[in-house]
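394 is the number of the first residue of the sequence shown in this note's numbering; add one for each residue after it.
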Amino acid sequence: MADNDSGSSFITGFLVGGIVGVIVGILLAPKSGSETRAELSEQSEAWRERAEEIAARVRERVGPTVEGVRDRIAPTVDVVRERVAPAVESVRERVAPVADALSSRLGRVPATPPADEGPVTEIIGGSEGTEGDSKESGGTEAKA
Numbered sequence: 394m395a396d397n398d399s400g401s402s403f404i405t406g407f408l409v410g411g412i413v414g415v416i417v418g419i420l421l422a423p424k425s426g427s428e429t430r431a432e433l434s435e436q437s438e439a440w441r442e443r444a445e446e447i448a449a450r451v452r453e454r455v456g457p458t459v460e461g462v463r464d465r466i467a468p469t470v471d472v473v474r475e476r477v478a479p480a481v482e483s484v485r486e487r488v489a490p491v492a493d494a495l496s497s498r499l500g501r502v503p504a505t506p507p508a509d510e511g512p513v514t515e516i517i518g519g520s521e522g523t524e525g526d527s528k529e530s531g532g533t534e535a536k537a
């Protein structure tokens with residue numbers, strides 16, 4: 394029966410039903426619109442206050458635990474950072490020339506911002522006007 398209309402009769406019925414429902418709801422509502430809005434406003438204020446109270450209680454209970462965990466984890470995080478930093482810098486030094494060569498070929502600003510005075514800043518500073526050089530050397534001029 395409704396195989397050929399691809400759902401359009403369902404959508405039409407859904408919209409008409411929704412409109413009829415809204416009209417009936419407005420006509421049969423026990424309160425005026427302003428009374429309903431006032432009640433909703435009061436209710437939302439009560440819910441907001443309750444949510445703030447719950448959040449404060451959670452902060453009171455969880456706060457000391459979070460601080461304790463933070464104090465216990467901080468030394469481990471520092472050790473991990475110290476161990477990982479050389480590897481990160483090594484990867485950054487290897488990737489920077491390739492990223493900058495790609496950026497210059499695409500006509501964009503170099504992808505690697507200078508972290509400090511070192512090989513990365515030399516590459517960025519020396520990449521202007523050397524697009525042909527980086528193509529010939531394969532981007533290996535920064536390994537010096």
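The beta-carbon is built from N, C-alpha and C at its ideal position, and this holds for glycine as well.
Would residue i and residue j be called neighbours here (beta carbons separated by less than 9 Å)?
i           : j             : result
alanine 439 : threonine 429 : no
lysine 424  : glutamate 432 : yes
Can you give the Cα-Cα distance for residue i and residue j, rounded to whole angstroms?
i              : j              : result
isoleucine 419 : glycine 426    : 9 Å
arginine 379   : aspartate 464  : Coverage of the chain is limited to positions 394 through 537, which leaves residue 379 absent and any answer about it impossible.
valine 417     : glycine 411    : 10 Å
proline 468    : glycine 500    : 44 Å
aspartate 471  : aspartate 493  : 31 Å
proline 490    : valine 481     : 15 Å
serine 483     : isoleucine 466 : 26 Å
valine 415     : glycine 406    : 14 Å
glycine 456    : leucine 408    : 50 Å
alanine 477    : valine 462     : In the sequence on display, residue 477 carries valine and not alanine. So the alpha carbons of these two residues sit roughly 22 Å apart.
valine 459     : leucine 495    : 44 Å
Can you say whether residue i is buried or exposed, counting buried as having 16 or more other CB atoms within 10 angstroms of its CB?
i           : result
serine 497  : buried
alanine 444 : exposed
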